[in-house]
Every structure is written in structure tokens, then in C-alpha cells.
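Following: one structure in C-alpha cells, then a few remarks.
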Amino acid sequence: MKTRQEIVENWLQRYTKQPLDSFGKFILLTNFNNYVDIFCNEMGIESVGYDGNMRCVTAEGITMINFGIGSPNAALIMDLLSAVKPEACLFLGKCGGISDKTHLGDYILPLAGIRGEGTSGDYFPPEVPALPAFMLQRAVSTSLRDNNQDYWTGTVYTTNRRVWEHDERFKTYLRETRAMAVDMETATLFSCGFYNHIPTGALLLVSDNPMYEEGIKTEESDRKVTQNFAEQHVRIGIQALKLISGQRKTVRHLKYDW
0 MKTRQEIVEN
10 WLQRYTKQPL
20 DSFGKFILLT
30 NFNNYVDIFC
40 NEMGIESVGY
50 DGNMRCVTAE
60 GITMINFGIG
70 SPNAALIMDL
80 LSAVKPEACL
90 FLGKCGGISD
100 KTHLGDYILP
110 LAGIRGEGTS
120 GDYFPPEVPA
130 LPAFMLQRAV
140 STSLRDNNQD
150 YWTGTVYTTN
160 RRVWEHDERF
170 KTYLRETRAM
180 AVDMETATLF
190 SCGFYNHIPT
200 GALLLVSDNP
210 MYEEGIKTEE
220 SDRKVTQNFA
230 EQHVRIGIQA
240 LKLISGQRKT
250 VRHLKYDW
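Numbering that gives the first Met the number 0 applies: residue 0 is where the sequence shown begins, and numbers increase by one.
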């Protein structure tokens with residue numbers, strides 16, 4: 000394999016164990032195997048197995064992929080998806096609330112990501128903002144409203160650091176950024192989606208409030224969030240992509256060829 004295209008075509012199949020022609024034009028990304036199971040249930044299909052490193056399933060022109068956790072995996076999946084050139088890619092992720100306004104189960108529709116993760120620095124200079132595709136976020140907003148759900152907008156701070164909840168200095172810094180939430184993938188997905196000419200958006204679910212000792216995620220608290228909110232999260236994502244595919248609207252918000 001000599002070219003980038005040859006590599007991503009081979010590796011997308013290797014990581015997912017799915018042939019290229021099986022991928023839909025609309026992609027849902029997640030970090031959670033139970034979200035893949037929920038997707039299968041919502042689509043009325045048999046749950047997919049665990050053959051690939053990235054669990055993957057397609058129904059009704061939409062492909063859901065569990066790409067794993069962290070910004071390196073986020074960059075990897077966007078590079079690999081360039082093999083099939085999807086029309087839209089929506090991330091359904093969980094995040095920690097930074098703002099006092101947010102509560103467990105709230106939705107955040109990011110208007111931008113703060114690139115605190117380092118990975119996206121291999122793709123763009125630090126001055127380049129991490130932005131979602133506007134048309135895609137608008138479709139998600141419509142889907143939220145159709146389901147009578149309120150949501151917050153704002154920025155999300157993306158970090159490679161996983162265990163920081165004890166670090167008061169870092170938490171002070173997070174507050175100073177004025178971000179609504181913190182996660183490990185969103186800014187990378189926006190940046191690497193832009194790099195690969197893939198319109199990318201995100202809908203985040205507040206799963207913990209790590210700025211406070213009593214709000215740090217535990218197995219029990221995460222189980223409650225999953226039981227109460229995960230199915231609706233996936234359903235809203237599916238509906239948003241169906242809105243785009245059904246109305247045949249472009250989600251490209253920037254000119255890529257310069």
C-alpha cells in the first residue's frame with residue numbers, strides 16, 4: 000500500500016470487519032457498546048457481534064460505529080472514514096458539565112470545541128478553530144425540539160487527560176475557559192472531520208459534574224444516566240440524520256477547496 004487512500008480503505012475494513020460497500024452515507028459515532036445495541040433495537044435489526052476492534056452496524060443508510068475513547072481514536076476514525084466519504088457524521092457522546100447551569104441528563108449542542116487534546120495539532124495550526132457543520136447541528140436542534148427536549152449551546156473543552164478530577168488547578172483553568180462541558184473527543188472530531196472533508200457534528204449528554212467531589216462519575220451514577228437517557232440520545236441522533244437524508248440537504252458549511 001503506497002497511497003493514503005489505499006491505507007484508509009484497508010484499515011477501515013480491518014478495524015470494523017465490514018466491507019466498504021456496506022457503509023451508509025450517514026455515520027453515527029459513539030464510545031459505548033450499549034449505544035450500538037440501542038441502535039440495533041431502534042432499527043429493528045439483530046445486534047451486531049464483537050468481531051472488529053470498532054463495533055460497527057448499518058441500517059437504513061445509517062452506520063453506527065463505536066470507535067473507542069480518546070482523541071487519538073477520534074482522529075483515527077475520521078481518517079478512516081475518508082475511505083467512504085460520508086455525507087454527514089454525528090457524534091453521540093457523554094461529557095462532564097463545567098458550568099453550574101448543567102445537570103445530569105442535559106443535552107449540549109456544541110457550537111465549537113476547544114482543542115486542549117494535542118492530537119488535532121498534527122492536522123492544523125493552533126489558530127484554526129474546531130467547528131461543527133452548521134447544517135448538521137441545525138438538524139440535531141430540530142430533532143431535539145421534535146422530542147420536546149431543551150438543550151444548551153456553547154463550547155466543549157476536549158482533553159487527552161483522563162484522571163484530573165482531583166486537580167483543583169486544572170479545574171480552575173477549565174472554569175476560566177468558559178466552556179460548558181469537558182470531554183475527550185469532540186474538538187478532535189470537528190478538526191479531523193474538517194481535515195478529511197467530512198461534515199461533522201455532535202450531541203453531548205451530560206453524564207457527570209466532575210467539578211464537584213459529589214458529582215464525579217461512579218459506576219452507579221453512570222448506570223443511572225444510561226438507564227434514564229441513553230435510548231433517547233440515540234433516537235434523537237437517528238432522527239437528525241434521517242432529517243438530513245430525507246430532505247436531501249447539504250451539510251457542508253465551509254468551502255474545502257482553497
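For each residue, glycine too, the CB sits at the ideal point set by N, CA and C.
Only a predicted model underlies this, so the values are computations on that prediction, with no experimental measurement involved.
Quiz item: Beta carbon of S142, beta carbon of Q238: below 8 angstroms?
Solution: yes
Practice problem: Can you give me the Cβ contacts of I243 inside the same chain, cut-off strictly under 8 angstroms, excluding the 5 residues immediately before and after it? | Solution: F25, E86, A87, M134, L135, A138 and V250
Exercise. Locate the alpha helix (DSSP H) running through S70, then write down its first and last residues.
Key: S70 to L80
Quiz item: Which partner residues of P109 appear in the DSSP bridge assignment?
Solution: G153
Quiz item: Looking at C-alpha atoms only, which residue of T15, S190, V224 and K1 is the closest neighbour of N52?
Solution: T15
Quiz item: If you count every other CB in all the chains shown that lies within 10 Å of the CB of Q226, and 16 or more means buried, which is it?
Solution: exposed
Quiz item: I think L188 touches A73, with their Cβ atoms under 8 angstroms apart; what is that distance to the nearest whole Å?
Solution: 5 angstroms
Quiz item: Are E116 and S70 closer than 8 angstroms when you measure CB to CB?
Solution: yes
Exercise. Over the uninterrupted alpha helix (DSSP H) stretch that includes T118, give me the two end residues.
Key: Unbroken run through T118: none, as it is neither H nor E.
Self-check item: When Q4, R222 and T157 are compared against L79, the one with the closest alpha-carbon
Solution: Here the closest residue by C-alpha is Q4.
Quiz item: Would the region 89-101 and the region 199-214 be scored as touching if the rule is three or more Cβ pairs under 8 angstroms?
Solution: yes
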